[in-house]
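Colleague:
Laid out in structure tokens, this is it:
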């Protein structure tokens with residue numbers, strides 16, 4: 001069984017009367033990539049700031065079992081009076097990393113990120129937004145973090161860099177690194193995702209391994225006249241009712257356990273109900289629960 005790198009227990013945080021996080025708990029195993037999903041204002045960035053100790057929680061605790069932690073924020077901010085190379089060298093010295101090693105890591109990750117090393121002789125605030133994001137990755141990766149936290153990893157970057165970042169995340173995972181990502185580009189997040197967490201109005205409403213969820217469930221969108229919702233509940237406790245198509249034609253989306261599939265198909269046949277079935281992907285899972 002994998003050892004955990006991060007344990008979050010009953011974290012709550014208020015901004016005045018606004019409840020940003022409410023008793024949030026989860027655990028991240030080492031060597032895996034976890035994606036946190038939520039609408040704007042759900043509490044994702046607040047959670048990241050608490051984990052990285054930029055913000056204090058009102059209650060609860062965070063335990064981190066990692067030697068080095070990296071944090072790439074959605075909108076990086078840098079020391080405005082320093083060049084890129086000066087920022088990296090100062091950071092590396094704080095972590096006791098030799099300059100000779102830093103130079104090798106800069107060369108390695110400049111290539112992996114498609115970041116021009118010549119830019120390091122300039123101040124980061126003069127970079128394009130995309131290059132500022134790449135520089136934030138570079139600043140963190142030269143520290144060789146065991147645990148990397150990334151808020152909106154694809155913000156402002158081009159399609160070539162998106163592919164490079166995806167490959168880089170998978171490479172880091174293969175090295176045993178643990179990555180926690182918050183992203184609105186769900187189709188890309190799914191390509192690297194082992195586990196997902198859905199947060200809504202400051203509360204976790206679902207956390208699961210993506211592959212296990214796909215193996216256990218399927219979605220069925222059904223259309224029919226005078227469908228008894230209580231009968232549907234025998235097949236699915238999770239039902240999303242949609243608008244009426246006309247006076248008596250109803251539309252529902254159900255999350256059905258695959259062990260229920262034979263009985264469910266028999267029910268559809270007997271009732272003459274039209275259905276559209278689909279396998280779960282990260283986007284339709286999120287939209288169903290959001």
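Numbering (this note's numbering), first residue to last: 1 to 290.
A virtual CB, placed ideally from N, CA and C, is assigned to each residue, including glycine.
All values derive from a computational prediction rather than experimental measurement.
Assuming residue 33 contacts residue 179 under a Cβ cut-off of 8 Å, what Cβ separation, rounded to an integer in Å, is found between them?
Modeller: With 8 Å as the limit, residue 33 and residue 179 qualify as a contact, their Cβ atoms being about 5 Å apart.
Colleague: Which runs of the alpha helix (DSSP H) spanning at least 4 residues fall entirely within the stretch 147–203, listed in chain order?
Modeller: If we require 4 residues or more, the alpha helix (DSSP H) runs fully inside the stretch 147–203 come out as 159–174, 186–190.
Colleague: If we count the other Cβ atoms within 10 Å of its Cβ and call it buried at 16 or more, is residue 160 buried or exposed?
Modeller: The residue is exposed, with fewer than 16 neighbouring Cβ atoms inside 10 Å.
Colleague: Would you please state the rounded distance, in angstroms, between the beta carbons of residue 258 and residue 217? I believe it to be under 8 Å.
Modeller: With a Cβ gap of about 7 Å, residue 258 and residue 217 count as contacting.
Colleague: Kindly provide the ranges of any alpha helix (DSSP H) runs that are 4 or more residues long and lie completely inside the stretch 59–134, ordered along the chain.
Modeller: With a minimum length of 4 residues, the continuous alpha helix (DSSP H) runs that stay inside the stretch 59–134 are 84–94, 99–113.
Colleague: Residue 207: which of 282, 277, 268, 162 sits nearest, CA to CA?
Modeller: Residue 282 is the option with its Cα nearest to residue 207.
Colleague: Pick out whichever of 24, 67, 30 has its Cα sitting closest to the Cα of residue 48.
Modeller: The shortest Cα separation from residue 48 among 24, 67, 30 belongs to 24.
Colleague: If we count the other Cβ atoms within 10 Å of its Cβ and call it buried at 16 or more, is residue 90 buried or exposed?
Modeller: Looking at its Cβ environment, which holds fewer than 16 other Cβ atoms inside 10 Å, residue 90 is exposed.
Colleague: Going by CA-CA distance only, name the one from 168, 240, 84, 44 that's closest to residue 108.
Modeller: It is 168 whose Cα lies nearest to the Cα of residue 108.
Colleague: Alpha carbon to alpha carbon, what distance is there between residue 100 and residue 79?
Modeller: Roughly 23 Å between the two C-alpha positions.
Colleague: Could you check where the alpha helix (DSSP H) with residue 50 kicks off and where it finishes?
Modeller: Residues 44–51.
Colleague: Compute the distance between the beta-carbons of residue 145 and residue 72, then report whether it is under 8 Å.
Modeller: No, the pair does not count as a contact, with Cβ atoms beyond the cut-off.
Colleague: Going by beta-carbon coordinates alone, are residue 57 and residue 87 separated by less than 8 Å?
Modeller: Going by C-beta atoms, residue 57 is not nearer than 8 Å to residue 87.
Colleague: Give the secondary structure of residue 57 by DSSP, where H, G and I count as helix, E and B as strand, and everything else as coil.
Modeller: Coil.
Colleague: Could you check whether the stretch 230–242 touches the stretch 180–194, counting it as contact only if at least three pairs of C-beta atoms, one from each stretch, sit closer than 8 Å?
Modeller: The stretch 230–242 is not in contact with the stretch 180–194.
Colleague: Determine whether the Cβ of residue 46 lies closer than 8 Å to any Cβ atom of chain D.
Modeller: Checking the listed chains, one finds no chain D in this structure; it contains a single protein chain.
Colleague: With DSSP run on the structure shown, which of helix, strand or coil describes residue 10?
Modeller: Three-state DSSP puts residue 10 in a strand.
Colleague: Which class does residue 284 belong to by DSSP, given the choice of helix, strand or coil?
Modeller: Of the three classes helix, strand and coil, the one that applies to residue 284 here is helix, per DSSP.
Colleague: Considering only C-alpha positions, which residue in the set 256, 149, 200, 205 is nearest to residue 43?
Modeller: Of the candidates 256, 149, 200, 205, the one whose C-alpha sits nearest the C-alpha of residue 43 is 200.
Colleague: From residue 231 to residue 111, what distance separates their C-alpha atoms?
Modeller: In a straight line, the C-alpha of residue 231 is about 58 Å away from that of residue 111.
Colleague: Contact defined as beta carbons within less than 8 Å: I believe residue 142 pairs with residue 170. What is the distance between those atoms, to the nearest angstrom?
Modeller: In fact, because the Cβ distance is near 20 Å, the residues do not count as touching under 8 Å.
Colleague: By DSSP, does residue 213 sit in helix, in strand, or in coil?
Modeller: Residue 213 falls in the helix class under three-state DSSP.
Colleague: Report the partner residues of residue 241 according to the DSSP bridge assignment.
Modeller: BP columns for residue 241 point to 252.
Colleague: Have a look at the DSSP bridge pairing and note the partners of residue 35.
Modeller: Answer is 181, 196.
Colleague: Output needed for residue 66: all residues of its chain with C-beta closer than 6 Å, excluding positions within five of it in sequence on either side, in chain order.
Modeller: The answer, listed in chain order, is 5, 146, 147.
Colleague: Could you pull out every residue in the same chain whose Cβ sits closer than 6 Å to the Cβ of residue 223, ignoring the five residues on either side in sequence?
Modeller: So the list reads 251, 274, once near-sequence residues are dropped.
Colleague: Which partner residues does residue 274 have in the DSSP bridge list?
Modeller: Per DSSP, 223.
Colleague: Compute the Euclidean distance between the alpha carbons of residue 215 and residue 286, then round it to the nearest angstrom.
Modeller: Roughly 17 Å between the two C-alpha positions.
Colleague: Please confirm whether residue 176 and residue 31 have their CB atoms less than 8 Å apart.
Modeller: Yes, these two residues count as a Cβ contact at 8 Å.
Colleague: Which residues bound the alpha helix (DSSP H) around residue 28?
Modeller: Not the alpha helix (DSSP H): residue 28 falls in the beta strand (DSSP E), residues 18–29.
Colleague: Leaving out five residues before and five after residue 203 in sequence, what residues of the same chain have Cβ atoms less than 6 Å from its Cβ?
Modeller: Once the five neighbours on either side are set aside, the close Cβ partners of residue 203 are 22.
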